[in-house]
Amino acid sequence: MTKPRLTYFDMPASRGEECRLAFTIAGVDFDDHRLPREQWPALKPTTPFGALPVLEVEGHPPIGQSNAILAYIGRRYGAHPTDLFEAARHEAVMAHVEDLRATLAAGGRNADEATKKQAREHMATTSIPAWAGFVERQIGDGPFYAGDRPMVVDVKLYMGMRAFRRGVMDNIPTTVFDAFPKLIRLYDAVEAWPAVKAFIAR
Ligand SMILES: N[C@@H](CCC(=O)N[C@@H](CS)C(=O)NCC(=O)O)C(=O)O
């Protein structure tokens, strides 16, 4: 059986990195295929949805959509609930992360720099804290979403917040999640998880 193959751009970011981290927390050896940007235009129309990440598993057609890939990895390798209701709760949070990305992408689309800046600053005090508040009240005793070990929902949340906390998002303060202690605890716990720490340090 060949290793599962994950294709994404050659950067430690967003939807590709969260799928890499899902394999990492599950302790699964995978083929980390990092696509050179110049090869993307030719590959794009051949992918399931014209986007990356894409997961290939021997004997099956490729899978697109990060949340479907995460749920597959989690189910197959024990990092997603087996209980149907619990799994749906986790998947809802994963969809909530995609909603945040969509809000961010829509803010200031086709606008000049000043308008984009204004939109980002507005989000930092409105939609982003609102987004975080909904997750915060669903996290229990932690440190992770469902207790003391990370699941795929945790790497989704971690990557959903990471660009903000690392200051990659212009005009949004790195402190934007600081009023949400359970989210911050979850973020820090994912980053401190030994396998994740080792993966990031590579
Ligand atoms: N809803 C999709 C979105 C995928 C997506 O937008 N991927 C981006 C990278 S994070 C991409 O492929 N961009 C290049 C393109 O659209 O041509 C998912 O969750 O996987």
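In the working numbering, the protein residues as written are 9 to 210. Ideal Cβ positions, reconstructed from N, Cα and C, are used throughout, including at glycine. For clarity, every value in this text was computed on a predicted model and none was experimentally measured.
The DSSP-derived three-state label of residue 104 is helix.
The Cβ atoms of residue 185 and residue 191 lie closer than 7 Å to each other. Cβ-Cβ distances below 7 Å link residue 74 to 23, 26, 27 and 61 in the same chain, with the five nearest sequence neighbours on each side left out; the list follows chain order. If you draw a straight line from the Cα of residue 49 to the Cα of residue 187, it is about 41 Å long. Within the same chain, Cβ atoms closer than 7 Å to the Cβ of residue 34 are found at 81, 85, 86 and 87, the five residues on either side in sequence being excluded. Relative to the Cα of residue 189, the nearest Cα in the group 127, 133, 144 and 101 belongs to 144.
Secondary-structure assignment with DSSP links residue 155 through a beta bridge to 152. Closer than 6 Å to some heavy atom of ligand 1: that describes the Cβ of residue 23. With a cutoff of 7 Å on beta-carbon distance, residue 102 and residue 115 are scored as not near each other. Beta-bridge partners of residue 15 (DSSP): 41 and 62. A check of alpha carbon separations from residue 100 across 121, 41 and 76 identifies 76 as the nearest. Contact check for residue 17 against residue 43 passes: the beta carbons are separated by less than 7 Å. Under the three-state reduction of DSSP, residue 71 is assigned to strand.
Residue 203 is a Cβ neighbour of residue 32, given a cutoff of 7 Å.
Check the Cα spacing between residue 37 and each of 65, 122 and 113: the tightest is with 65. CA-CA distance, residue 63 to residue 57, rounds to 12 Å. Sequence-distant Cβ neighbours of residue 152 in its own chain, meaning closer than 7 Å and more than five residues away, are 158, 159, 162, 194 and 197.
In terms of Cα proximity to residue 137, the closest of 164, 119, 122 and 105 is 105.
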